[in-house]
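Scroll down for the structure; my scribbles are underneath it.
Protein chains: 2
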Amino acid sequence: MPAPGSKLKRTTIRDVAALAGVSIGTASKALNGQGKLRAETRDRVAAAARELGFAPNVLARGLLAGRTYTVGVITTDSFGRFSIPVMLGAENALGAGQISVFMCDTRDDPEREQQYLDMLLSRRADGLIVAGRRIEPRPSIGPTLGVPVVYAMTQSMDSDEPAILPDDAGGGRLAAEHLLALGRRRFGHITGPPRFLAARMRARGFCDAMAEAGMPFTANDVLYGEWSEAWGREAARLVMHTTPGVDAIFCGSDQIARGVSDTLRLIGCRVPEDIALVGFDNWSPMVLGADPPLTSIDMCLEDIGRVAAEHLLLAIKGEPTHGPHTVPCRLVARGSTSPETP
Amino acid sequence: MPAPGSKLKRTTIRDVAALAGVSIGTASKALNGQGKLRAETRDRVAAAARELGFAPNVLARGLLAGRTYTVGVITTDSFGRFSIPVMLGAENALGAGQISVFMCDTRDDPEREQQYLDMLLSRRADGLIVAGRRIEPRPSIGPTLGVPVVYAMTQSMDSDEPAILPDDAGGGRLAAEHLLALGRRRFGHITGPPRFLAARMRARGFCDAMAEAGMPFTANDVLYGEWSEAWGREAARLVMHTTPGVDAIFCGSDQIARGVSDTLRLIGCRVPEDIALVGFDNWSPMVLGADPPLTSIDMCLEDIGRVAAEHLLLAIKGEPTHGPHTVPCRLVARGSTSPETP
DNA sequence: CCTTTCTAGGAATACGTTTTCCTTCGTAAG
DNA sequence: CTTACGAAGGAAAACGTATTCCTAGAAAGG
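Protein sequence lines correspond, in order, to chains A and B. Residues 454 to 795 (the working numbering) are what the first sequence spells out, left to right. Residues 454 to 795 (the working numbering) are what the second sequence spells out, left to right.
See the structure below:
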């Protein structure tokens with residue numbers, strides 16, 4: 454145990470070379486499997502490295518290679534519910550390639566964003582993932598940055614930059630098809646504010662599937678409101694009033710679905726027997742806490758992060774991709790649509 | 454815009470020096486305010502740096518200085534609800550000192566943990582914060598690591614290592630004092646499994662405050678169960694049955710409180726008029742989604758992160774701290790205890 | 001005019017690697 | 001016996017910066 458405050462010297466390749474009785478160049482070759490060396494020499498160096506607990510200094514290596522095996526993940530929403538899984542998916546995919554991730558939380562402050570950008574440039578990050586909580590296009594982060602950038606769960610106003618997005622329309626379609634397959638015939642759709650692209654896309658997918666099935670549900674029947682439980686509680690009463698005989702409700706978020714579920718129980722409506730309920734986000738504490746648990750659409754955020762990482766790795770390799778790219782959603786069935794499933 | 458795949462050369466201090474017509478050493482001194490230079494020379498160098506958009510290579514600097522201005526935050530719970538705010542608090546405090554943070558998510562896998570440890574050592578991180586979701590002591594991460602470590606929201610079995618923890622007992626006490634100040638007289642406490650230290654501490658703080666106020670609520674009256682809404686729904690009926698006239702319930706988590714709130718509404722009990730309700734965690738989507746919104750105890754997780762960062766900075770400076778250190782909780786009053794507050 | 005002192009800035013070294021080029025030695029071919 | 005060649009490993013350069021030491025010139029004092 455080193456004394457507190459001591460500048461302890463870590464073991465370098467020089468120590469390893471000395472112990473193995475070879476030059477540093479040879480030691481380097483032995484450890485990296487390069488050059489022409491006798492097997493016995495390689496083993497001797499490897500043994501020395503193990504004995505000393507040698508870990509190569511990544512800074513020195515990066516300085517020479519012009520790469521740091523480091524990327525920044527920059528998010529505008531304090532690593533909230535949406536960017537966390539995206540980030541973890543990315544980190545996982547990058548970690549497999551020995552790439553480490555710098556956390557940057559801008560708190561939606563352009564000044565902080567600029568600061569992080571300078572930092573990442575100073576640290577010579579190999580690339581950059583910009584994560585968001587809304588899929589609306591945002592200002593490009595720095596067109597002439599000189600570093601590859603991939604957007605995830607958001608996109609740049611410069612539509613040529615690569616962006617990985619959830620397939621919101623496909624998600625709405627999945628919900629529709631699931632409810633139709635259950636034999637439901639009178640539908641409601643309660644969702645968030647219409648200014649959100651995601652809300653509009655989900656509604657469009659849902660309506661398209663309805664039209665294809667010959668059901669009389671159109672864009673005019675969509676109830677836009679807030680992303681809150683309170684709105685769900687309120688809108689449920691609205692739907693019951695305007696759509697007699699309704700037997701299925703698709704909600705634009707799990708929180709809305711929770712509110713709807715609450716109201717239905719209060720007015721004595723059974724879920725799923727009388728009304729089947731589908732949420733969106735598959736947000737564990739929400740869907741599992743509900744009674745019955747909610748069937749929900751999962752955007753597979755980790756996949757979005759993983760795909761973003763893959764695109765970034767390609768760009769770093771010099772084969773950049775362009776424009777938006779969607780990742781499919783997945784429906785997770787639970788008690789709110791089928792009594793058997795828990 | 455560089456051609457795709459081009460190994461673009463960033464501007465170095467050499468370029469700046471050339472443009473300013475000075476040597477590299479002089480340029481360095483000018484930019485860092487060192488050495489003896491004419492003011493005119495400093496200005497000329499600064500102008501050149503600005504013109505070229507020069508950002509010093511932190512790797513090179515770190516290689517020389519033996520410090521990287523980098524720390525790792527390692528968490529066992531996939532940056533869940535608890536470690537995220539801790540991490541953000543730490544990142545904020547560290548970022549002010551120009552220190553960047555590597556994200557490491559071990560997924561509770563010792564092998565992954567070891568891998569991250571090797572990585573951080575290779576990258577010569579200046580220090581390490583270990584964050585958890587339970588305050589139970591965990592195995593020390595590497596006693597002879599040679600790098601300062603601070604635990605946050607968890608602690609090491611080696612009780613000498615510095616750990617920053619929430620004051621769970623104090624939180625329980627806050628809840629009790631709040632309910633007593635409201636004039637409530639018959640109490641219930643519903644919480645998670647007794648194997649959780651946090652559950653026991655919160656209960657202890659609550660009971661202690663009750664005893665001091667001369668109320669007949671003892672450790673035997675605590676209802677231990679699960680950390681789930683379902684348990685809250687179930688336990689609420691239990692309390693109503695075993696404790697006639699109960700007018701206040703303190704819950705060990707917001708999720709439990711949500712369940713309790715649900716049941717009370719179903720059986721026609723008004724919150725807060727008939728029963729005042731206090732949760733724990735102050736988890737926004739839970740407390741704000743409830744009807745009425747929940748009064749809750751906030752562990753101030755960001756403060757925990759900030760304090761952990763401060764301790765780590767001290768340790769890096771060579772003045773390590775020792776043992777556990779608690780951060781006080783805060784009560785946030787809402788509609789579930791006082792009708793006026795929204 | 002000569003010597004000392006101070007100032008401004010240049011040259012060189014170090015940090016820890018990787019890689020390129022070079023040297024040495026042994027062996028086989030002519 | 002001489003030449004060519006392959007194998008094994010050493011020496012040195014390079015990456016970008018900070019710092020220490022040194023030098024050239026100017027100013028000041030005798």
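Beta carbons: idealized from backbone N, C-alpha and C, even for Gly. Since this is a predicted model, take the numbers as computed values, not measurements.
Element boundaries [beta strand (DSSP E), containing residue i]
i, result
"A584 (chain B)", "G580 to A584"
"T397 (chain B)", "The structure shown does not extend to residue 397 (chain B), since chain B is modelled only from 454 to 795, so the question has no answer here."
"V603 (chain A)", "V602 to A605"
"V731 (chain B)", "A729 to F733"
"I643 (chain A)", "F640 to T644"
Under 8 angstroms by beta carbon: chain A residues contacting residue i
i, result
"G667 (chain B)", "Residues of chain A passing the Cβ test: none, with the nearest at roughly 37 angstroms."
"Q708 (chain B)", "P738 and G742"
"R577 (chain B)", "R463, N510, V511 and L512"
"F532 (chain B)", "F532, I537, M540 and L541"
"T521 (chain B)", "L512"
Own chain residues within Cβ distance below 7 angstroms of residue i, not counting five before or after
i, result
"E544 (chain B)", "V554"
"A456 (chain A)", "Note that A456 (chain A) scores 37 on pLDDT, short of 50, meaning its location in the model is unreliable and no value can be drawn from it."
"V498 (chain B)", "V469, A473, V475, A480, A483 and L484"
"I757 (chain A)", "V539, G542, A605, M606, I617, P619 and V780"
"Q567 (chain B)", "none"
"T716 (chain A)", "R686, A689 and R690"
"F535 (chain B)", "R586, M606 and L754"
Expected contact under 8 angstroms - CB spacing of residue i and residue j to nearest Å
i, j, result
"V511 (chain A)", "R576 (chain B)", "5 angstroms"
"P745 (chain A)", "R787 (chain A)", "7 angstroms"
"R626 (chain B)", "M610 (chain B)", "Rounded, the Cβ-Cβ distance is 27 angstroms, inconsistent with contact."
"L516 (chain A)", "A513 (chain B)", "6 angstroms"
"L505 (chain B)", "I588 (chain B)", "With a Cβ gap of about 51 angstroms, L505 (chain B) and I588 (chain B) do not count as contacting."
"A729 (chain B)", "D751 (chain B)", "In fact, because the Cβ distance is near 18 angstroms, the residues do not count as touching under 8 angstroms."
"W680 (chain B)", "I709 (chain B)", "7 angstroms"
"A628 (chain A)", "R657 (chain A)", "About 12 angstroms; that fails the 8 angstroms criterion."
Own chain partners of residue i with C-beta closer than 6 angstroms, once the 5 adjacent residues on each side are dropped
i, result
"S459 (chain A)", "Only weak support exists for where S459 (chain A) lies, its pLDDT of 43 falling under 50; the value from the coordinates is given anyway. Contacts found: none."
"M454 (chain A)", "Its pLDDT being 37, under 50, M454 (chain A) is placed unreliably in this model, and the coordinates cannot settle the point."
"D734 (chain B)", "S706 and D707"
"I769 (chain B)", "D579, G580 and P601"
"F507 (chain A)", "T464 and V469"
Range of the contiguous alpha helix (DSSP H) that encloses residue i
i, result
"D751 (chain B)", "Taken as a continuous stretch (DSSP letters only), D751 (chain B) belongs to no alpha helix (DSSP H), being part of the beta strand (DSSP E) at T748 to D751."
"G623 (chain A)", "D621 to A634"
"R783 (chain A)", "It is not in any alpha helix (DSSP H) - R783 (chain A) instead sits in the beta strand (DSSP E) that spans R783 to V785."
"I552 (chain A)", "Looking at the DSSP string, I552 (chain A) is not in any alpha helix (DSSP H), and its letter there is neither H nor E."
"F659 (chain B)", "L650 to E665"
"V699 (chain A)", "Per DSSP, V699 (chain A) belongs to no alpha helix (DSSP H) and is neither H nor E."
"V498 (chain A)", "A492 to L505"
"H775 (chain A)", "Here H775 (chain A) belongs to no alpha helix (DSSP H), and DSSP marks it neither H nor E."
"V760 (chain B)", "L754 to I769"
"Y569 (chain A)", "P563 to S575"
"L676 (chain A)", "Run containing L676 (chain A): none in the alpha helix (DSSP H); it sits in the beta strand (DSSP E), V675 to Y677."
"L472 (chain B)", "I466 to A473"
"I477 (chain A)", "I477 to N485"
"T716 (chain B)", "D707 to L719"
"G742 (chain A)", "S737 to G742"
"R463 (chain A)", "That residue, R463 (chain A), is in no alpha helix (DSSP H); it is neither H nor E in DSSP."
"R514 (chain A)", "V511 to A518"
Contacts that residue i makes with chain A (C-beta to C-beta distance below 7 angstroms)
i, result
"D558 (chain B)", "L541 and E544"
"T716 (chain B)", "Correct list: empty, because the minimum Cβ distance to chain A is about 10 angstroms."
"L574 (chain B)", "A508"
Under 8 angstroms from the C-beta of residue i: neighbouring residues of chain B
i, result
"F555 (chain A)", "S553, V554, F555 and M556"
Contacts of residue i in chain A (Cβ-Cβ under 9 angstroms)
i, result
"D571 (chain B)", "A508"
Neighbourhood of residue i by C-beta, 8 angstroms cutoff - its chain only, sequence neighbours within 5 removed
i, result
"C753 (chain A)", "P619, V780, P781, C782 and R783"
"Y569 (chain A)", "G525, I527, C557 and T559"
"Q551 (chain B)", "Y522"
Chain-ordered chain B contacts of residue i [CB-CB under 7 angstroms]
i, result
"G515 (chain A)", "L512"
According to a CB-to-CB cut-off of less than 7 angstroms, which residues of the segment 534-545 of chain A neighbour chain B?
Taking a C-beta cut-off of 7 angstroms against chain B, the contacting residues of the segment 534-545 of chain A are I537, L541 and E544, listed in chain order.
| chain A contacts from the segment 677-711 of chain B (Cβ-Cβ distance under 8 angstroms) | Cβ contacts with chain A come from S681, E682, A683, R686, Q708 and R711.
query: Any residues in the segment 625-659 of chain A with a beta carbon nearer than 9 angstroms to a beta carbon of chain B? Which ones, in chain order?
result: Those would be none; no residue qualifies.
Residues of the segment 745-770 of chain B whose Cβ lies closer than 9 angstroms to any Cβ of chain A, in chain order: Of all residues in the segment 745-770 of chain B, only A768 and K770 place a beta-carbon less than 9 angstroms from a beta-carbon of chain A.
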